[in-house]
Amino acid sequence: MFELVHTTVGSLAIANVYGLSNISISYFDMILAYLVAIVVSIIVALILRVPLLPSMPYRYSFDVSAVYPTPIIAIGVLSLFLVLNYTFKYNGLLLAAIIGICSALFVKYLFDYIFPSPAQEEDK
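The opening position of the sequence shown corresponds to residue 52 in my numbering, with each subsequent residue numbered one higher.
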């Protein structure tokens with residue numbers, strides 16, 4: 052995944068598409084930004100009292116948790132910003148923290164309204 056992001060941004064920089072010839076974010080900065088987004092999203096979700104794990108059985112549970120989908124949403128949104136070469140300040144670390152906070156708030160308050168769980172089948 053990191054190779055895809057770096058190749059995409061690098062090829063745009065070489066071709067000078069959209070004026071992206073001055074890109075200066077390294078692999079280390081990208082990995083650090085992803086880790087910050089993951090850690091911040093899990094910590095904020097736990098502060099908001101989102102359960103750490105979904106209810107049993109895990110395979111058929113549609114409950115939200117701090118482990119899934121909170122960091123997955125944070126990683127996805129952050130990768131969109133990195134591909135678009137928007138890193139804001141501190142090589143994307145501040146942006147990663149903001150996205151981590153927003154993804155935890157999204158999962159806590161809006162996830163069930165946007166993605167409702169399927170209707171439960173009752174045994175006859």
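Note that beta-carbon positions come from the ideal geometry of N, C-alpha and C, so glycine has one too.
With a 10 Å radius around its C-beta and 16 neighbouring C-beta atoms as the bar for buried, classify residue i as buried or exposed.
i	result
proline 122	buried
isoleucine 89	buried
My assumption, with CB atoms under 8 angstroms, is that residue i sits in contact with residue j. Please give the rounded CB distance.
i	j	result
alanine 125	isoleucine 150	5 angstroms
valine 115	phenylalanine 162	5 angstroms
alanine 155	valine 87	Incorrect: roughly 13 angstroms between the Cβ atoms, too far for contact.
valine 158	proline 120	6 angstroms
Excluding the five sequence neighbours on either side, which residues of its own chain have a C-beta within less than 7 angstroms of the C-beta of residue i, listed in chain order?
i	result
serine 130	Val56
To which residues of the same chain is residue i closer than 6 angstroms at the C-beta, ignoring the five residues directly before and after it?
i	result
asparagine 73	With a pLDDT of 46 at asparagine 73, under the threshold of 50, the predicted position of this residue should be treated as unreliable, and no value is reported.
phenylalanine 113	Ser168
leucine 97	Ala117
isoleucine 165	none
Spell out a yes or no on whether the stretch 93-104 and the stretch 140-147 are touching, meaning 3 or more CB-CB pairs, one atom from each, closer than 8 angstroms. No contact exists between the stretch 93-104 and the stretch 140-147.
Can you give, in chain order, each stretch of the alpha helix (DSSP H) that sits fully within the stretch 115-164 and has at least 4 residues? If we require 4 residues or more, the alpha helix (DSSP H) runs fully inside the stretch 115-164 come out as 121-134, 144-160.
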